[in-house]
Structure formats: C-alpha cells, structure tokens
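Report on the structure given below.
Residue numbers (the numbering used here): 84 to 850.
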C-alpha cells in the first residue's frame, strides 16, 4: 500500500511516495510553478552504497596515530556505546589539556531544512553548554559583502535584503536593470531553511512583460534567463569594479550624476570624485581606461552611463563578483554607482544585491517570526573568519587583520563538524588537506561517505531529512511546511539531536541540552511557540497543521530600518545606521584601518590572477567556479539529478568553442583542467554562452584525489577547488577569493581512471 508524505527541502517542497517502508519516488507538489529536479533525485541517494550505516573510527586514530593519514586510512565500525565513549572522552581531554577554545565548532554549511533538526544549531547548543568553542564568522558565499555593507549603508550584514526593491516593485516602476554578475535562474531553485513554492521565475517574467529592460554584465551569457532577452556585455572576470568606475566617470564629467542625492544623502563624494578624475594618481578612470581593462567598449560604457541616468534604473550586483580578490570593491562601488545614477531611493529602483541567488531574494522583504532550536551563549569569545580555517590549523598563534581588529588564530585541537562539507567549499583543497592533519581529532556527523567523512577520525551516521519529524520555514518564504518522517533511518543512523543528547548525558548536562523534551515534543513546542508569537488566529493548531502540511505566514510590510526611500525624503529624520547617518562613499573608519588592499573609498585593485596578469602566459583561461544547477553545493551529488548531469562520470566543464578548437577539444571529451595548485578531470561542453578566455566548472563534485595533499595531483571527478587559491579578498573581510584563478585545459588522452568519489572507504575489523 502506497503512502504519500510531505517533504520540505532547501530546493522545494515535494510529496514522497512510500511503499512498505521503501521510498519509491518523490513528486513535486501540484502548486509549485517551477519545481526543482533535485528533489526526485534524492531517491537514488537514499540507499546507495555510500550511506554511512554504523559508527566508524579511523583505524590509525584507534591505534594512537593523530593525523598524517586522514583521507587515505581504513575505518573500523564500532558500537554506538563505544563511539559515544570515544567522543565524550576526547572532548574532556582536549578541554582539560588545551582549553575550551581548542574545540572548533564552526561547522559551516547549509545542513538540511528543518527548524529543530538544524545541524549547526544542535552542535552549537551542545558545545556551548559543554564549555564553549571557537566559532567561525561570515559565510563563504558573501563574506566580503557582509563586512563591507555595514560600513557603507549600515545595519546588520543581511539587512539590505529588506531595503532593496522586490520584483513586483521593479515590474511596476523600473525601466532598466543592469545586473553585474548576472541573474542565473538556476540559483533560485534554493532557499535556506525550506521552500514551499518557487516564485522567482514568474516574477522575473512579469518584469520583462512590464517592459523592464535587462543588461547582463557577466562572462556568461546564460547568467540571465532567455525570456528576459537581456543585452549581454561579456566582461573580463574580476573587472566589474573597473567597469563601474568607467560608467561613474562618464556620469561625472557629463554632469549626469544626481548631485542633490549625493550632497544630501551621502558623504565623501568629493574625495571619491577626485580619485575618479585621476587627481590622486594621474589616471582618469574614464570609459577608455575601463574599456582596456574590462573588454567592454568605450562606446558601450558611455551609452550605459547615459541610459542609467536617463531612465528609472536599478543596479544589481550578484554574490559571485565579491568572491574574488578585493571582492569588497564591486559591492561598495555598486552602491556608489546607484547613488550617482539618480534612482536611489525611488520605488522599484536604486540598488540591490543577490537577486536570484535564492528564491526568497526579491520575493519578500522578510517573513514572520518562526521559532528554532534555542541558542545558548558561547562562553568562548574566540572566532575565525570562516575562510581562514586552513590558516588557523597551519599557523596557530598567527595574528591577522579583520575589519579593523587584530585576531590571534587559536590552537585548534578538536574539530567537530556536522551539516557541511569543507572539502567542497574551501579553496586549494590540497592545502586544506595538509592543514587537516594538524588537529588531534576530527569528529563528523554524516549520512554518506563523502570527502569530509573520509577525512575524519570518528564518523557518526545521521538520519537524513527524510528520516525524522520536523517543520520548515525558509528565509523570507511566506509558508511553514510540515516534515513528517518518510521512512526509518538507514542502518543504525541517529538524528544529530539524539547523538548530542547521548553525549550530553555522558558529560553531565543532558537535562540542560534536552530540557526534558523528546524530539516530538520539541517539534510541537517550537511550532506552538511560533503560533503564540504570531497569534492563535494566524496559524492552525499543531495537529491541524500536521494534517494539512502547509500553513501561510503573515507578510511583513515594514517599515524596515535603513530605508533608502526614507533617506531620500528626509535624511535628517531618517538617517542610516552609519557613523554619518548617510551612505558612506568615503568611510573614515575604513580609511583609519590603514589597509593597503582596501582604501577609504571604492577603488580599482588589480587581482593577483586575471586575464591581464603575467601568469596568463602559462594559464590563459579564467576559471569561473559558480554554483551548480544539479544540486545544492555538494548536497546530493550522489542524487539522480546530479549523476545524470555528469559526462563520463565527471563534472561538466564549459569552454568557448574557439578555446576548445585551439586545444583540439571536442564536446563530450574527458579533459584535464590544471594549474600549479592542482588538476582535475572533467567532461567538456562547448558553448558560446561562455566568453573566450573563460571556462566554467561548477562547485560541488565530491572531491576524488589520487594523492590528497600533493599539489598538482589529479582529482578524478571535477572539483574546481583543487584549482582555486586559498587567498583572502583583503585584510578587511578575509573572505574567500575563489573566482580569482587562472587555469589551462587540455585533452586527456591517457587511460581514464574510475571515479571513486562515491565509494565508501575500506571497512576493516579492529586490530
């Protein structure tokens, strides 16, 4: 007898069909206008050979060896009781000998949907109650943006989401959208925390039908949907700031800029204008200067400046442009350009960031309160910028700059990771491998034997989102979705909460961790807490909600602090939360830091690796390692949809036909992508959607190295982070700079090795 159960994921809501406890298929809900194909592919992964079925411990670690063999060692399966003893004893040992800050619980990653079973929330609560831990700050996705925007427009790093125009406002009011980094619709499949219905595609279509014109400033044509009929301006990667400066100079010298807004609502324009005109360095940042750097013609830059100021316009900047050397600059400069253009603070116009990177962005400014697992204050103040984990492991005690402060990197002895995959999102994976050997112990919760599990010492098998009760409510999503258990956990898997509760019991704080609630009690408690906060007339009772699967959350309409419309209307009465109360075109605070790689105003800094660099003689192609269309980061790379996108079992890499022809590469061939940091095999795709001189290889293929840790060694599967540099954007944000990487591509004519990414490690009996 088939049973149908609602399922909520980061990539949408579905219905799971189960027959006698066996997952048969996953179907989209009837009311989702653009369901993601990732969901149905989850069936393939549910019971594949890569599932971690029992607790397992690296053999060398059990034998007393601490490091050096992580990633290549066999594992010994043990009982849960033995595993809990090992982890609790090791936590006690590290804390007593090295202090609480020696425990790293940054555990960065998306984890899975669900308000209660959120892996990092459970981990951080557990570690904080146990004495504290070193945390990480910011995200790999947007670190530069998160640090620079509070200086420029003030507020919480993510407050801009409720201050920029929504898609319906754009359709009603805007005439011209210029998108730096594009608007890749594939990225809008996802929403952190869950998603009931995909809305971005239809909202974008409404904008085009309303007459809004789009300009895509990106190395990749397909970074905008075909139905937008966008004008494509192929730009040399990492030169968006130079393009914006050329547009700004053209506005300034022609008198097209909004002098009133700049004088009333901004500070520091005079100092920035001096830089634009070349009064500081003798180099005017005019259209001809920008054309030489960006590859966009002088005439096109001049015309774009004219159109931006003559029409009701919106400047969008995508997250990808700030994951690069000096990634703070295009974010800062995009705000300045919008302030100059004349539409800042006008309905549906001005400035915004991250449109189409998640379905929620631009759909709704915020959503109502929804309860989650309660956090516990961390008694350890130490943290590291999220992308500096390898630095911390390799150089404990080193002092680095970060946003005007000086941080001492802690001596990390125990890494506790769950809900993420550092061997997906970190750069220069061979360097990370060498760093990963440094700590005494690595504990990982995982459902599959992915790379992070294989590089752990103790692996604890966890239930997937299909194997536990919960409810979901995504970022700015106007729905709350029930997540009843679809099936029993595979093998001996337990939920993260069950694992931490068992550890808390051994360590003496089980009651504080669980608050004497079962998991079912917790799910009901958090829902009823949400209902009480919003009002009992807004949401149905828990039992009715569980039966109906979905409930509407009330829309929030503001006013939202830091409104640019209010600022334009009356900057004295509606100041921004910046030191000046205005948009900071020049920041006295940043200038006071004295950084040589981030000045007091937006500025062009030449990237370490780009197509005009000397290194391009050896590696003449710029690598764009963007987000995949077939999975969420590395999640469900072993799912049916991701596996179906592979070419000869490898991740696809897209080249311009001219670059492919020069190398004798044909579509469907296995090729080798390489630089001095590493190399990987991939399957060639030829398309003129990618500009000449650029190759595109998405992130998220599970890393499959022949010799992990050896620079230059081959990855069999196609993970671009063997090629990217572990180099910070600047001293301000210390964010990742993945998109500043040069490579070359060649035919791979030798014997093609088998892909072993999805094979479990050797499981051996104890000694």
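Using N, Cα and C, we set each Cβ at its ideal position, and we do this for glycine too.
For the options 775, 250, 729 and 336, the alpha carbon positioned closest to that of residue 742 is the one of 775. Residue 723: member of the alpha helix (DSSP H) spanning 723-727, first to last residue. Segment contact: the stretch 669-683 against the stretch 792-809, fewer than three CB-CB distances shorter than 8 angstroms; contact not assigned.
Ranked by Cα distance from residue 842, the first of 313, 110, 133 and 86 is 133. Residue 331 is positioned such that its CB atom lies closer than 8 angstroms to that of residue 423. Taking all protein chains shown into account, residue 368 has 16 or more neighbouring C-beta atoms within 10 Å of its C-beta and is therefore buried. Runs of the beta strand (DSSP E) spanning 3 or more residues and lying entirely within the stretch 124-209 occur at 139-141 and 158-160, in chain order. By the Cβ-count criterion, residue 745 is exposed, with fewer than 16 other Cβ atoms from all chains shown falling within 10 Å of its own Cβ. A distance below 8 angstroms between beta-carbons, with the five flanking residues on each side excluded, links residue 552 to the following residues of its chain, in chain order: 566, 567, 568, 602, 603 and 606. Taking all protein chains shown into account, residue 580 has 16 or more neighbouring C-beta atoms within 10 Å of its C-beta and is therefore buried.
In this chain, the beta strand (DSSP E) harbouring residue 97 covers 95-102.
Distance from the Cα of residue 555 is smallest, within the candidate group 706, 469 and 278, for 278. By a beta-carbon distance limit of 8 angstroms, residue 495 does not contact residue 171. Their separation comes to about 19 angstroms. DSSP lists 99 as the bridge partner or partners of residue 88. With contacts defined as CB atoms closer than 8 angstroms, residue 402 and residue 440 qualify as a contacting pair.
For residue 256, there is no enclosing beta strand (DSSP E); the residue is part of the alpha helix (DSSP H) that begins and ends at 250-256. As DSSP reads the structure, residue 349 sits in a beta bridge with 666. Exposure of residue 701 is indicated by the presence of fewer than 16 other C-beta atoms within 10 angstroms of its C-beta. C-alpha of residue 528 to C-alpha of residue 542: approximately 6 angstroms in a straight line. In the DSSP assignment, residue 419 forms no beta bridge with any residue. Short of 7 angstroms from the beta carbon of residue 218, and not among the five residues preceding or following it, lie these beta carbons of its own chain, in chain order: 188, 189, 461 and 466. Beta bridge pairing from DSSP links residue 774 with no other residue.
In this structure residue 724 does not touch residue 717 by the C-beta definition: roughly 13 angstroms separates them, more than the 8 angstroms allowed. In this structure, residue 88 lies away from residue 108, with their beta-carbon atoms at least 8 angstroms apart. Residue 790 counts as exposed, since fewer than 16 other C-beta atoms from the protein chains shown sit within 10 angstroms of its C-beta.
Here residue 404 carries a helix assignment [DSSP, helix/strand/coil]. Pairing residue 520 with residue 151 gives a Cβ-Cβ distance under 8 angstroms. Closest by C-alpha distance to residue 531, out of 130, 99 and 96, is 130.
Residue 756 is not a Cβ neighbour of residue 303, given a cutoff of 8 angstroms. Pairing residue 249 with residue 324 gives a Cβ-Cβ distance that is not under 8 angstroms. With a cutoff of 8 angstroms on beta-carbon distance, residue 334 and residue 647 are scored as not near each other. C-alpha of residue 432 to C-alpha of residue 245: approximately 14 angstroms in a straight line. Around the beta carbon of residue 761, 16 or more other beta carbons sit within 10 angstroms, so the residue counts as buried.
Secondary structure of residue 574 (DSSP, three-state): coil. Shown here, residue 374 sits in a helix according to DSSP, grouped into three states. Linking residue 578 to residue 347 through their CA atoms gives a straight-line distance of about 55 angstroms.
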